[in-house]
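Enquirer: Taken in order, these protein sequences are the chains called A and B.
For reference, each letter of the first sequence is one residue, going 1 to 224 in UniProt numbering.
For reference, each letter of the second sequence is one residue, going 1 to 224 in UniProt numbering.
2 protein chains.
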Amino acid sequence: MSKLTALARHTSSAQEDYLKALYGLGAVQVAVPPSRLARELEVSPASVTDMLAKLAVLGLVTHDRAHGARLTATGRGVALEMVRHHRLLEAYLVQALGYRWDEVHEEADRLEHCISEVLEQRMFQALGAPSFDPHGDPIPSARGLLPREHDRCLLVCKAGERVRLSRVSDREPDKLRALRDLGLELGTFFEVVGESRWEGPLELRLKGRSVQVPLGLARIAFVH
Amino acid sequence: MSKLTALARHTSSAQEDYLKALYGLGAVQVAVPPSRLARELEVSPASVTDMLAKLAVLGLVTHDRAHGARLTATGRGVALEMVRHHRLLEAYLVQALGYRWDEVHEEADRLEHCISEVLEQRMFQALGAPSFDPHGDPIPSARGLLPREHDRCLLVCKAGERVRLSRVSDREPDKLRALRDLGLELGTFFEVVGESRWEGPLELRLKGRSVQVPLGLARIAFVH
DNA sequence: AGCGGGTCTTAGGCATGCCTAAGCCGGCTG
DNA sequence: CAGCCGGCTTAGGCATGCCTAAGACCCGCT
């Protein structure tokens with residue numbers, strides 16, 4: 001099917017962005033309101049209406065006013081291909097070319113639209129068939145299956161919990177840099193010493209040191 | 001200047017294609033007729049007129065009806081950046097990801113427009129500052145300087161010459177495959193046993209074997 | 001039930017990059 | 001010297017993807 005979609009498809013990079021965003025907003029399970037998509041992609045609601053109409057004609061989404069937009073099986077396939085490209089690229093840039101985890105998102109966002117299936121394969125093999133990207137997000141397999149993760153946001157952890165950093169949002173480079181500066185990398189083991197109270201920072205004990213984590217950083221960090 | 005152009009610029013990938021093509025057609029030294037460019041890019045002459053007008057407004061080309069189009073210093077800079085991206089990508093795909101020399105051109109043509117200067121740098125370093133791409137074309141330095149080559153087309157070699165394959169055109173994958181199948185790789189040493197006569201094949205002696213090279217292949221091969 | 005407000009869509013426009021068709025222009029040839 | 005032919009440009013159109021402004025629609029609240 002990967003080959004079929006690749007042949008049957010002439011998706012533009014804008015279309016791919018919409019599909020990927022829909023996937024990220026959960027449009028496989030639930031209908032996503034256009035306004036949500038517009039905010040996500042930073043375009044006007046009118047543009048979303050336009051594009052959803054086009055994607056519907058292509059059979060990539062279903063769309064009715066009452067509920068919003070949902071991905072079809074085909075649309076989900078294209079979206080997953082983009083997600084796979086994105087995460088694989090992030091992994092490759094970090095592991096093969098020495099990028100830091102806060103540098104890769106933007107680069108991957110551009111490249112994900114223009115790599116071939118061959119290049120995807122070669123990177124995948126060069127990395128030894130990785131399962132996760134540098135932010136701890138799972139890399140979908142070629143068949144589109146995602147290993148499911150059961151992590152929780154650092155924000156909801158209770159004092160006394162001993163956990164490991166399993167995943168971070170890849171969106172905000174500056175926050176990623178800040179987390180690393182605090183000593184938090186993927187896999188870092190630590191104890192939650194103090195929960196957040198009155199929107200104050202969390203306190204962690206990490207390699208013997210005490211670390212204060214502001215709310216905005218805890219929000220993008222996930223543990224298990 | 002590399003940084004200046006990168007900032008001052010918002011060149012589209014179409015514009016970059018025109019500039020690169022102009023560079024390839026020698027528009028640094030001589031004026032290139034629009035028809036030549038149209039053929040090269042496989043677009044209509046009218047499209048070329050349109051685009052040249054836009055590029056002229058941006059100060060990237062000069063263009064008058066009498067002579068044709070020439071690159072300005074800035075336009076040459078952008079073109080060279082694309083050439084550098086293209087050749088570096090080709091080198092990277094071959095050396096780091098196991099591509100064959102006939103597989104890289106198309107991939108590089110897409111990627112050259114969307115890699116950052118950072119990625120360019122990292123690939124360059126990962127390869128150990130290479131001077132040539134897998135087809136023997138020189139990789140322009142960041143400052144835009146080209147090591148100049150003095151090779152000759154295999155077609156004009158005389159019987160008895162002992163030479164080394166130094167460069168091949170990267171355009172036609174099937175011809176590249178055929179050359180490799182004949183045992184001709186970059187650096188391969190051989191003797192020209194028989195020149196082409198009446199448009200027949202050349203005959204080479206290569207590692208003790210006698211090899212027939214059709215005209216169409218000899219045309220894209222260069223030696224020194 | 002009626003109104004208000006937010007959401008979604010329609011209508012009309014703009015920029016990019018391509019096309020075809022038609023006109024212009026200049027140089028070569030009869 | 002005139003006419004023709006090929007190359008270049010202009011004019012007008014189309015598709016994509018975005019926008020703003022204005023209308024339609026729905027839901028909840030009074």
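Using N, Cα and C, we set each Cβ at its ideal position, and we do this for glycine too.
Given the structure is predicted, the values throughout are model-derived calculations rather than measurements.
If you draw a straight line from the alpha carbon of P130 (chain B) to that of H224 (chain B), how long is it in whole angstroms?
Expert: In the second sequence, the residue the question calls residue 130 (chain B) occupies position 130. In the second sequence, the residue the question calls residue 224 (chain B) occupies position 224. Roughly 20 angstroms separates the two Cα atoms.
Enquirer: Which class does G68 (chain B) belong to by DSSP, given the choice of helix, strand or coil?
Expert: To locate residue 68 (chain B), count along the second sequence from 1; it is residue 68. Strand, per DSSP.
Enquirer: Is it right to say L145 (chain A) is buried, meaning 16 or more other beta carbons lie within 10 angstroms of its own, or is it exposed?
Expert: For this step, residue 145 (chain A) is matched to residue 145 along the first sequence. L145 (chain A) comes out exposed.
Enquirer: Who are the near neighbours of M1 (chain B) in its chain, counting only those whose CB is closer than 6 angstroms to its CB and skipping five residues on each side?
Expert: By 1-based counting over the second sequence, the position of residue 1 (chain B) is 1. Below a pLDDT of 50, predicted positions are generally treated as unreliable, and M1 (chain B), at 40, falls in that range; the measurement from the model is reported next regardless. Once the five neighbours on either side are set aside, M1 (chain B) has no close Cβ partner at all.
Enquirer: Please classify L7 (chain B) as buried or exposed, where buried requires at least 16 other C-beta atoms within 10 Å of its C-beta.
Expert: Position 7 of the second sequence, counted from the first residue, corresponds to residue 7 (chain B). Confidence at L7 (chain B) is low in this model, with a pLDDT of 42, below 50, so the placement of that residue is unreliable and no value is reported for it.
Enquirer: Below 8 angstroms, how does it come out for the segment 113-123 of chain A and the segment 82-98 of chain B: are there three or more Cβ pairs, yes or no?
Expert: Segments in contact, yes.
Enquirer: My output table needs one value for T5 (chain A): the three-state DSSP class, helix, strand or coil.
Expert: Mapped onto the first sequence, residue 5 (chain A) falls at position 5. Low confidence applies here, because T5 (chain A) scores a pLDDT of 41, under 50, leaving its location unreliable and the question unanswered by this model.
Enquirer: Note down, one range per segment and in chain order, each alpha helix (DSSP H) of at least 4 residues found wholly within the segment 56-117 of chain A.
Expert: 73-97 and 104-111
Enquirer: Can you name the residues of chain B whose CB is closer than 9 angstroms to the CB of S116 (chain A)?
Expert: One-based indexing of the first sequence puts residue 116 (chain A) at position 116. Proximity of chain B to S116 (chain A) at the Cβ level (cut-off 9 angstroms) is accounted for by E106, E107 and R110, in chain order.
Enquirer: According to a CB-to-CB cut-off of less than 9 angstroms, which residues of the segment 119-145 of chain B neighbour chain A?
Expert: Those would be L119, R122, M123, Q125 and A126, in chain order.
Enquirer: So, is the C-beta of G187 (chain A) closer than 8 angstroms to a C-beta in chain B?
Expert: In the first sequence, residue 187 (chain A) corresponds to position 187, counting from 1. So no, G187 (chain A) is outside the interface.
Enquirer: If you count every other CB in all the chains shown that lies within 10 Å of the CB of G136 (chain B), and 16 or more means buried, which is it?
Expert: On the second sequence, residue 136 (chain B) is found 136 positions in, with the first residue counted as 1. Buried.
Enquirer: Would you say L176 (chain A) lies against chain B (beta-carbon separation less than 8 angstroms)?
Expert: Sequence index remark: in the first sequence, residue 176 (chain A) carries index 176 (1-based). Taking Cβ atoms only, chain B never reaches closer than 8 angstroms to L176 (chain A), which makes this a no.
Enquirer: Can you tell me the Cα-Cα spacing of D109 (chain A) and L93 (chain A), whole angstroms?
Expert: Taking the first residue of the first sequence as position 1, residue 109 (chain A) is located at position 109. Taking the first residue of the first sequence as position 1, residue 93 (chain A) is located at position 93. In a straight line, the C-alpha of D109 (chain A) is about 12 angstroms away from that of L93 (chain A).
Enquirer: Taking L165 (chain B) as the reference, which of B:R143, B:L186, B:L111 and B:R197 has the closest Cα?
Expert: Residue numbering aside, residue 165 (chain B) sits at position 165 when the second sequence is read from its first letter. The candidate whose alpha carbon is nearest that of L165 (chain B) is B:L186.
Enquirer: Any beta carbon from chain A within less than 8 angstroms of G98 (chain B)'s own beta carbon?
Expert: On the second sequence, residue 98 (chain B) is found 98 positions in, with the first residue counted as 1. By this cut-off, G98 (chain B) is an interface position.
Enquirer: Is it right to say L4 (chain A) is buried, meaning 16 or more other beta carbons lie within 10 angstroms of its own, or is it exposed?
Expert: Stepping through the first sequence from its first residue, residue 4 (chain A) is reached at position 4. Note on L4 (chain A): pLDDT 41, under 50, position unreliable in the model; no value is reported.
Enquirer: Name the residue from A:E16, A:V78 and A:H67 whose alpha carbon lies nearest to the alpha carbon of M51 (chain A).
Expert: For the purposes of this step, residue 51 (chain A) is identified with residue 51 of the first sequence, where counting begins at 1. Of A:E16, A:V78 and A:H67, the residue nearest in Cα terms is A:E16.
Enquirer: Would you decide whether P147 (chain A) is buried or exposed? Buried here means 16 or more other CB atoms lie within 10 Å of its CB.
Expert: By 1-based counting over the first sequence, the position of residue 147 (chain A) is 147. P147 (chain A) should be labelled exposed.
Enquirer: Is the beta carbon of L71 (chain A) closer than 8 angstroms to that of A14 (chain A)?
Expert: Position 14 of the first sequence holds residue 14 (chain A). Position 71 of the first sequence holds residue 71 (chain A). It is not a contact, given that the beta carbons lie outside the stated cut-off.
Enquirer: Just to confirm the assignment, what range does the alpha helix (DSSP H) spanning A14 (chain B) have?
Expert: Sequence index remark: in the second sequence, residue 14 (chain B) carries index 14 (1-based). Annotation for A14 (chain B): the continuous alpha helix (DSSP H) segment containing it runs S13 to G24.
Enquirer: Per DSSP, what kind of secondary structure is Q212 (chain B) in: helix, strand or coil?
Expert: Taking the second sequence and counting its residues from 1, the one referred to as residue 212 (chain B) is at position 212. Note: Q212 (chain B) maps to strand in three-state DSSP.
Enquirer: Would you report the Cα separation of F222 (chain B) and R167 (chain B), rounded to the nearest angstrom?
Expert: Here residue 222 (chain B) corresponds to residue number 222 of the second sequence, with the count starting at 1. Here residue 167 (chain B) corresponds to residue number 167 of the second sequence, with the count starting at 1. One C-alpha to the other measures close to 5 angstroms.
Enquirer: Less than 8 angstroms between C-beta atoms, sequence neighbours within five positions excluded: which residues of the same chain meet that for K158 (chain B)?
Expert: Numbered from 1 along the second sequence, position 158 holds the residue referred to as residue 158 (chain B). Excluding residues within five positions, the ones whose Cβ falls inside 8 angstroms are V192 and E195.
Enquirer: Which residue marks the beginning of the beta strand (DSSP E) containing R164 (chain B), and which one marks its end?
Expert: Looking up residue 164 (chain B) in the second sequence gives position 164. R162 to V168 is the extent of the beta strand (DSSP E) around R164 (chain B).
Enquirer: Pull up the distance between the alpha-carbon of T49 (chain B) and that of L176 (chain B), whole angstroms please.
Expert: Here the question's residue 49 (chain B) lines up with position 49 in the second sequence. Here the question's residue 176 (chain B) lines up with position 176 in the second sequence. Taking the straight line from one Cα to the other gives about 34 angstroms.
Enquirer: Helix, strand or coil for residue 226 (chain A) per DSSP?
Expert: There is no way to answer for residue 226 (chain A), as the model of chain A reaches only from 1 to 224.
Enquirer: Do S44 (chain B) and A38 (chain B) have their CB atoms nearer than 8 angstroms?
Expert: Within the second sequence, numbered from 1, the residue matching residue 44 (chain B) stands at position 44. Within the second sequence, numbered from 1, the residue matching residue 38 (chain B) stands at position 38. Taking 8 angstroms as the Cβ cut-off, S44 (chain B) and A38 (chain B) qualify as a contacting pair.
Enquirer: Would the C-beta of Q212 (chain A) count as close to the ligand MG, meaning under 7 angstroms from any of its heavy atoms?
Expert: As far as ligands go, the structure on display features none, and thus does not contain the ligand MG.
Enquirer: Can you tell me whether A221 (chain A) is helix, strand or coil according to DSSP?
Expert: Residue numbering aside, residue 221 (chain A) sits at position 221 when the first sequence is read from its first letter. It is a strand residue.
Enquirer: What is the residue span of the alpha helix (DSSP H) that residue 280 (chain A) lies within?
Expert: Since the first residue shown for chain A is 1 and the last is 224, residue 280 (chain A) is missing from the structure and cannot be characterised.
Enquirer: So what's V48 (chain B) in DSSP terms, helix, strand or just coil?
Expert: As a working note, residue 48 (chain B) is residue 48 in the second sequence. Helix, per DSSP.
Enquirer: Assign H86 (chain A) to one of two classes, buried (16 or more other C-beta atoms within 10 Å of its C-beta) or exposed (fewer than that).
Expert: For the purposes of this step, residue 86 (chain A) is taken as residue 86 along the first sequence, with counting starting at 1. With 16 or more Cβ atoms within 10 Å of its Cβ, H86 (chain A) is classed as buried.
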